[in-house]
Amino acid sequence: MLIRALQETRSYYNFSNIRYAAPPVGDLRFKAPVRPVTNRSVINDGSVDRICPQVSSTNSSYRDPRETEDCLFLDVIVPQKVFHGKGAPVLVWIYGGGYTAGSKAAERTPSGLIQRSITNSSDGVIYVAMNYRVGAFGWLSGPTFQDSGTANAGLHDQRFALQWVQDNIHLFGGDKDRVTVFGESAGGGSIIHQLTAYGGRAKAPFQQAVVQSPAWLPFPSLYGQETLFQNFLKAANVSSLEEARKLPSEQLILANVQLVAASSFTPSIDGDFVTQDPKSLLRHGLYDKSVKWMVGHNTNESYTLTAPVTSDAQVDAYIQAVLPNTPTAVLEYLTTTLYPPVSNGTAAALYSTPFERLALMVGDASILCNAFALSSTAASAQNETYAYLFAVSPGYHGQDVPHTYYDPGSAPSSGDGGFAATLPFNTTVATVLQDYITSFAMTGVPTSALDGLSSFVEYGQDANLVSLSGGGISVQADPTANERCKWWGLAMLS
């Protein structure tokens, strides 16, 4: 049984902490989610929030009391008018967090986003957000692991929750054929993996997508996957996945923290859900072509994600470390032609310090060229698609999230009190961005009465996008439409 809570001042129902899958514990650890056992004797009033085991919360003596492996829950927030009707559009949020942290409620509340959809001559959109497993609990892979475990369990969690929306959203007044997913960073990267799932052979459980700063770094090496898994077993002080399934949560969480300190998690090629890197799948037309999308990225994505290098030698060493087993010829091209040393002088227009050199490569490889791959795919297929550039200075990664969740009358927040909440905030850009997201969900076309544009330009063969900056809203060429991103999409992943 589910208890609904009415938020009186905004007139919407909040159905919190709905179980969408069985607890992924015991024998279900490190496996794809399964349907929960129906228990009609238990009343879920939504009062107990759950989040999946996080990396950050165990770096100190404090542990978030909401943290539990039994975390596969979702929230549904419904405007009152919509709940008593039918056929409403649905926005489903997939959170970011580097594939190691995050939760469905990290952005606190979608009330501002919902209210903006109501303001624009609508009864409003339904909002859904799900938890999915992160860190070692959601992203292990490799040959030995896959003997008895499911690689990329986090992607399977997301898809299971999206299928729950397809099966149940009509009960809340929603239309399963008007579902738009949106997400930032790891959330945006996950969406592209959902678009290309199973090599494009499966229909996506949504019709539209808003992809914000899609982040992942290709990790195709089976050797790298195997090494990460073996390091996890070593950190957990066990020798097999079967033994790991029998450990208490605390021991696995500690092993997860130790592993993340020395490695990174990202979706991996597993021969099933992820058959190739998504950029390659997009290039070969292996994705759900019925889905319509809008893509966004920020002007300075990589500044806060880049190691503080001070020499070109450190840059070259870093590149070799994050791209293990890469052919020597490829590494040489990366470090001498695509991103030449500062001392070379040929890259003066792009960067002037080793840090800027590495930041450009990190941004291109992990975010910007992912966004370009998605935008250019639709343009090449002559499909209608839209793109925007978040250019509120300094344009750091994640700075757009407080704008996405702007709530008039409340202080801008990244939800978890993170760095993004301390960055400059522009109310006009926030309102326009919310207009774009909600109107796209409702009509398939992003519009805003406040942007001063006659219409939102399509991306097209000219690679045009809408720039959202403190100085105003304008149309410009996509800066990611460059030879570097073409190389990351072609030569690196052929």
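Residues 1 to 494, numbered by UniProt numbering, are exactly what the sequence shown covers, in order.
A virtual CB, placed ideally from N, CA and C, is assigned to each residue, including glycine.
All values reported here derive from a predicted model rather than from experimental measurement.
Exercise. For residue 300 versus residue 388, is the C-beta distance shorter than 8 Å?
Worked result: no
For this session: Note down, one range per segment and in chain order, each beta strand (DSSP E) of at least 3 residues found wholly within the segment 126-151.
Result: 126-130
For this session: May I have a chain-ordered list of the alpha helix (DSSP H) segments no shorter than 4 residues that lie completely inside the segment 464-494?
Result: 483-489
Exercise. At a cut of 8 Å, does the segment 81-95 reach the segment 181-195 through at least three beta carbon pairs?
Worked result: yes
Exercise. Under three-state DSSP, which class holds residue 293?
Worked result: strand
Exercise. First and last residue of the beta strand (DSSP E) that includes residue 212?
Worked result: 208-212
Exercise. What is the rounded straight-line gap between the Cα of residue 232 and the Cα of residue 375?
Worked result: 36 Å
Exercise. Residue 113 to residue 311, Cα distance in whole Å?
Worked result: 44 Å
Exercise. So, is residue 159 buried or exposed, given that buried needs 16 or more other C-beta atoms within 10 angstroms?
Worked result: buried
Exercise. Relative to the C-alpha of residue 236, which residue among 226, 79, 342 and 253 is closest?
Worked result: 253
For this session: Assign residue 186 to buried or exposed, taking buried as 16 or more other Cβ atoms, counted over all protein chains shown, within 10 Å of its Cβ.
Result: buried
For this session: Can you grab the Cα-Cα spacing for the pair residue 366 / residue 85, in whole Å?
Result: 42 Å
For this session: Would you kindly check if the distance between the Cβ of residue 288 and the Cβ of residue 234 is under 8 Å?
Result: no
Problem set entry | Beta bridge counterpart(s) of residue 183 as assigned by DSSP | 94 and 211
Exercise. Would you say residue 399 and residue 298 are within 8 Å of each other, going by their C-beta atoms?
Worked result: yes
Exercise. By Cβ distance below 6 Å, which residues in the same chain neighbour residue 129 in space, the five residues on each side in sequence not counted?
Worked result: 75, 93 and 104
Exercise. Residue 24 to residue 30, Cα distance in whole Å?
Worked result: 8 Å
Exercise. With a Cβ-Cβ cutoff of 8 Å, do residue 432 and residue 107 count as a contact?
Worked result: no
Problem set entry | As assigned by DSSP and simplified to three states, the class of residue 458 | coil
Exercise. Opposite residue 351 in the DSSP bridges: which residues?
Worked result: BP columns for residue 351 are empty, so no partner.
Problem set entry | Whole-angstrom distance between residue 218 and residue 391, CA atom to CA atom | 26 Å
Exercise. Ordered along the chain, which non-local residues of its own chain (more than five positions away) have a Cβ less than 8 Å from that of residue 478?
Worked result: 372, 375, 387, 389, 459, 463, 464 and 465
Problem set entry | For residue 69 and residue 137, believed in contact at Cβ under 8 Å, the rounded distance | 7 Å
Problem set entry | Run of the alpha helix (DSSP H) containing residue 231, from where it starts to where it stops | 222-236
Exercise. Over what stretch of residues does the beta strand (DSSP E) that includes residue 15 continue unbroken?
Worked result: 12-19
Problem set entry | DSSP three-state assignment for residue 217, whether helix, strand or coil | coil
Exercise. Going by alpha carbons, who is nearest to residue 369 out of 135, 127, 188 and 142?
Worked result: 188
Problem set entry | Sequence-distant residues of the same chain with beta carbon closer than 6 Å to residue 225, five excluded per side | 141, 142 and 268
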